[in-house]
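Start counting the sequence shown at 1; every next residue gets the next number (the UniProt record's numbering).
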Amino acid sequence: MSSFFSVTDADLTTDRLILRSWTPGEAAAVLDGARSAHWAQDFPAEGDHVIVGLFAEHPAWLDEYGHRQVIERDGGLVVGSIGLFWPPSDGTLEIGYGIVPSRRGRGYAAEATRALTAFALTAPGVHTVYANVELSNPASLRVLEKAGFRRSHTDTEQNTARFVLSATQPARR
Numbered sequence: 001m002s003s004f005f006s007v008t009d010a011d012l013t014t015d016r017l018i019l020r021s022w023t024p025g026e027a028a029a030v031l032d033g034a035r036s037a038h039w040a041q042d043f044p045a046e047g048d049h050v051i052v053g054l055f056a057e058h059p060a061w062l063d064e065y066g067h068r069q070v071i072e073r074d075g076g077l078v079v080g081s082i083g084l085f086w087p088p089s090d091g092t093l094e095i096g097y098g099i100v101p102s103r104r105g106r107g108y109a110a111e112a113t114r115a116l117t118a119f120a121l122t123a124p125g126v127h128t129v130y131a132n133v134e135l136s137n138p139a140s141l142r143v144l145e146k147a148g149f150r151r152s153h154t155d156t157e158q159n160t161a162r163f164v165l166s167a168t169q170p171a172r173r
């Protein structure tokens, strides 16, 4: 197990965050437009609505190596989500993340990405985690760089870059 996160039951815990799997009730609340007292005022964001809306089509996204809420340890508020697009393909998994605007700039996305990536690399047969990012999103590019990912290629037609982190490439702390 990596030294920068610990696993408690299904939760991943970092210095400042808890990454907890979605429950069916929480997913239903997002879809129904309900508000929970343990959500940051600007959670869920648009991306959270999109991902939760796809859970029915992709039930594996709710499993151990799937999608999680990003929760501040101090205060217990849900401030974003992060997830692995399970199952792996040829040993690779895609990761996606989002932190609500009110909590951006605190390093939460990189911290959560490091933890979930390290956890993903413990899954049987998984050797690489990747993310595709729009070049017009420099904050997301920095998140991946801070999390230890390296740019593997750029698609100029799509205006995106792919970042990867493999099991043989140690993650940054």
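Cβ atoms here follow ideal geometry from the backbone N, Cα and C, with glycine treated the same way.
On a predicted model such as this, the values are computed, not experimentally measured, just so you know.
Is it right to say residue i is buried, meaning 16 or more other beta carbons lie within 10 angstroms of its own, or is it exposed?
{"i": "residue 49", "result": "exposed"}
{"i": "residue 46", "result": "exposed"}
{"i": "residue 114", "result": "buried"}
{"i": "residue 147", "result": "buried"}
{"i": "residue 26", "result": "buried"}
{"i": "residue 54", "result": "exposed"}
{"i": "residue 38", "result": "exposed"}
{"i": "residue 66", "result": "buried"}
{"i": "residue 56", "result": "exposed"}
{"i": "residue 158", "result": "exposed"}
{"i": "residue 91", "result": "exposed"}
Please report how far the alpha carbon of residue i lies from the alpha carbon of residue j, in whole angstroms.
{"i": "residue 145", "j": "residue 131", "result": "11 Å"}
{"i": "residue 95", "j": "residue 14", "result": "18 Å"}
Do residue i and residue j have their C-beta atoms closer together than 9 Å?
{"i": "residue 20", "j": "residue 74", "result": "no"}
{"i": "residue 163", "j": "residue 126", "result": "no"}
{"i": "residue 79", "j": "residue 40", "result": "yes"}
Starting from the N-terminal side, write out each stretch of the beta strand (DSSP E) that is 3 residues or longer and does not extend beyond the UniProt domain "N-acetyltransferase" (17-170). 17-21, 67-72, 78-84, 92-99, 128-134, 150-155, 160-166
For the segment 85-94 against the segment 106-113, are there 3 or more C-beta pairs whose distance is under 8 Å? no
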